[in-house]
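Residue numbers (the working numbering): 1 to 341. Structure record follows, encoded as structure tokens.
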Amino acid sequence: MGLADLGGVVVAADLPAPAEFRVLSYNVHNFFPASVPGAKSAESKAAVIDVVAGIDAAIMLLVETGGQESVREIQDMLRRKGCEYPFSSVVEGGDQERRLAVLAKWEPVEVQHDVTAFYNLGGLHVRVQRGFANCTFQWANGYRLHLLGAHLKSKVYHQLGQTDMRRYEARQLRYLVNGILDKEPDANILVVGDMNDSPNASPVTTLLGRRYKDEKQLYDLRPLDRYDLAWTHLWQAGDVYSRIDYALATYGLLPEVDLDKTCLPELGSLQLASDHRPLVVTLTPVEKSMAAAVLDRFDQSIRKVPNAVPTAEAERMIGTRKARRAEEQDNGSEAGDTGEE
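Pasting the structure below:
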């Protein structure tokens, strides 16, 4: 077998499929060049590198890098830890400060980042701020993995409405998923990144596509820590823990996901490194048939939490206007809409 080596990067299509490998999604929180205002400290950067090196994923999406210069810094720091990531690609979106980046130990067969996606809102032509990462990896056995990465609009105020902007960005990402599925109905697609909203919020439900049949939905892999907790972000000022980072898989990919090894690892100085936790997805790159036992681990396309306390339907739907209004009537409350979406 002749290995094709492009500038020191081995193309995955020329390699035998590994028994399994890990994909990492991690918001590294302002990993900018030191000269950029707001850049994280050297100590925080070192903590990020310790976390990433400890996970040693084969492919990773990094959120909030400072672009090419920061990615080179990350590669150099990882190399000194014995972790080589010869392939890197930065998504040159409209946000000049915070960039998505894909790093990998193999060269993908296709890189088709989408930096032109836009939507119309308030009579304006609005560009998706950070674009979408889009890389396709393929192995000698023919197995293909489409990796899509996103960093949707934050909850920082915007005159156009930050929730609407995030919803429209999610819709554009869903269109990207649909475009791949239209060409490859059984496509193995993994969507990862910081979606900046909770699981029951409209941007996330739009992305999951629950109105579609099973074969076209995305399944929320819901990585868990050792306590079976799923929060991914800590807002320290308010002591608020939330789940806003996701790993979503298509129906075709689901049988190849090792859910027991799809997790929120606890290693290194996580709080020093970032306000987000790293998400790890473990995959076996060999086509498998769907089994009932796989789907049994999901409820409405979201991974079930083992030994979770059963939740009443009304409680499970809390956050929707319908559920809130019903609760207000039950309590005799005159409270208005909280604005949660």
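For each residue, glycine too, the CB sits at the ideal point set by N, CA and C.
* From V111 to V309, what does the alpha carbon distance come to, in whole angstroms? -> In this structure, the alpha-carbon of V111 lies about 43 Å from that of V309.
* Alpha carbon to alpha carbon, how far is D220 from T262? Give it in angstroms, no decimals. => In this structure, the CA atom of T262 is about 11 Å from the CA atom of D220.
* Asked: By DSSP, does Q300 sit in helix, in strand, or in coil?
  -> Q300: coil per DSSP, three-state reduction.
* Cβ atoms of R98 and E64: under 7 Å apart, would you say? -> A contact, by the Cβ cut-off of 7 Å.
* Asked: Which residue from T284, P265, A291 puts its Cα closest to that of P18?
  -> When each option's Cα is compared against that of P18, the closest is T284.
* Determine the burial state of T116: buried for a count of at least 16 other Cβ atoms within 10 Å of its Cβ, exposed for fewer. => Exposed: under 16 other Cβ atoms inside 10 Å.
* Using the C-alpha atoms, what's the distance from V177 back to Y168? -> Each residue's alpha carbon lies about 14 Å from the other.
* Uninterrupted beta strand (DSSP E) stretches inside the stretch 158-205 (no shorter than 3 residues) -> Within the stretch 158-205, complete beta strand (DSSP E) segments of at least 3 residues are found at 189-194, given in chain order.
* **C-alpha distance - F137 paired with P86, whole-angstrom precision** => Taking the Cα positions, F137 is about 15 Å away from P86.
* To do: Return helix, strand or coil for D258, following the three-state DSSP convention.
  => Residue state, collapsed to three classes: coil.
* Would you mind sorting W106 into buried or exposed? The rule is 16 or more other CB atoms within 10 Å of its CB. => Buried, since its Cβ has 16 or more Cβ neighbours within 10 Å.
* Reducing DSSP to helix, strand and coil, say where L208 ends up. => Collapsing the DSSP output to three states places L208 in a helix.
* To do: Identify the continuous alpha helix (DSSP H) that holds A42 and give its terminal residues.
  => From DSSP, the alpha helix (DSSP H) with A42 extends over 42-55.
* Asked: Can you name, in chain order, every residue of its own chain whose Cβ lies under 7 Å from the Cβ of R303, other than the five neighbours on each side?
  -> Here the set comprises D220, L221, R222, L259, R297.
* Look up V63 in the DSSP assignment and say whether it is helix, strand or coil. => Three-state result, V63: strand.
* Asked: At what residues does the beta strand (DSSP E) containing Q68 begin and finish?
  -> In the DSSP assignment, Q68 falls outside any beta strand (DSSP E) and lies within the alpha helix (DSSP H) extending over 68-79.
* Starting from the Cα of L224, find the closest Cα among A293, A249, Q271, L279 and give me that residue. => Among A293, A249, Q271, L279, the Cα nearest to that of L224 belongs to L279.
* For I244, which of W235, V257, S269, E256 has the nearest alpha-carbon? -> Per the Cα distances, W235.
* To do: Could you pull out every residue in the same chain whose Cβ sits closer than 6 Å to the Cβ of A104, ignoring the five residues on either side in sequence?
  => Once the five neighbours on either side are set aside, the close Cβ partners of A104 are I59, F87.
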